[in-house]
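Peer 1:
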Amino acid sequence: MTKAHKTHANRNKTTTNFKKAQSHIARIQKMLDEDTYCVDVMQQNLAVIGLLKSAHQMLMEDHLHACFENAMRSGDSSKKAKMIEEILTVTKLLNK
Numbered sequence: 000m001t002k003a004h005k006t007h008a009n010r011n012k013t014t015t016n017f018k019k020a021q022s023h024i025a026r027i028q029k030m031l032d033e034d035t036y037c038v039d040v041m042q043q044n045l046a047v048i049g050l051l052k053s054a055h056q057m058l059m060e061d062h063l064h065a066c067f068e069n070a071m072r073s074g075d076s077s078k079k080a081k082m083i084e085e086i087l088t089v090t091k092l093l094n095k
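Quick note on numbering that gives the first Met the number 0: the sequence shown kicks off at 0 and runs consecutively.
1. Please check the pair Leu-50 and His-23, which I expect to be a contact at CB under 8 Å, by giving their CB distance rounded to whole angstroms.
2. Indicate the three-state DSSP secondary structure (helix, strand or coil) for Asp-32 in the structure shown.
3. Report yes or no: do three or more beta-carbon pairs, one from the stretch 54-70 and one from the stretch 6-16, lie closer than 8 Å?
4. What are the boundary residues of the alpha helix (DSSP H) that His-55 is part of?
5. Would you say Asn-94 and Asp-61 are within 8 Å of each other, going by their C-beta atoms?
6. Ala-46: which of Phe-17, His-7, Glu-84, Ile-83 sits nearest, CA to CA?
7. Specify the secondary structure class of Gln-21 as computed by DSSP and reduced to three states.
8. Give the C-beta separation of Gln-21 and Met-30 to the nearest angstrom, bearing in mind that I take them to be a contact with Cβ-Cβ under 8 Å.
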């Protein structure tokens with residue numbers, strides 16, 4: 000894992016989404032402990048999935064606008080190839 004080298008515009012929104020997802024997960028665990036109606040639990044689960052998808056999208060956008068863009072402008076062909084490979088790897092994981 001490499002360290003970011005440029006400010007990421009969506010960092011606060013992304014962090015907020017992760018915190019909200021964490022809160023929803025705690026609620027889901029409580030709902031399961033309390034034997035809450037299945038559909039209510041599934042709705043909370045879908046809320047978590049939505050928050051995580053949104054956070055992923057913001058992370059990807061920031062990465063493309065900062066790290067990826069810098070690599071493509073660098074003139075370093077190995078840096079460019081590595082960055083493209085990283086994007087492909089993340090995209091493959093997303094599509095699993």
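Beta carbons are placed, not taken as given, at the ideal position from N, Cα and C, and that holds for glycine.
Peer 2: Reading off the structure:
1. 7 Å
2. The three-state reading of DSSP puts Asp-32 in helix, counting H, G and I together.
3. yes
4. 37-62
5. no
6. Phe-17
7. helix
8. With a Cβ gap of about 15 Å, Gln-21 and Met-30 do not count as contacting.
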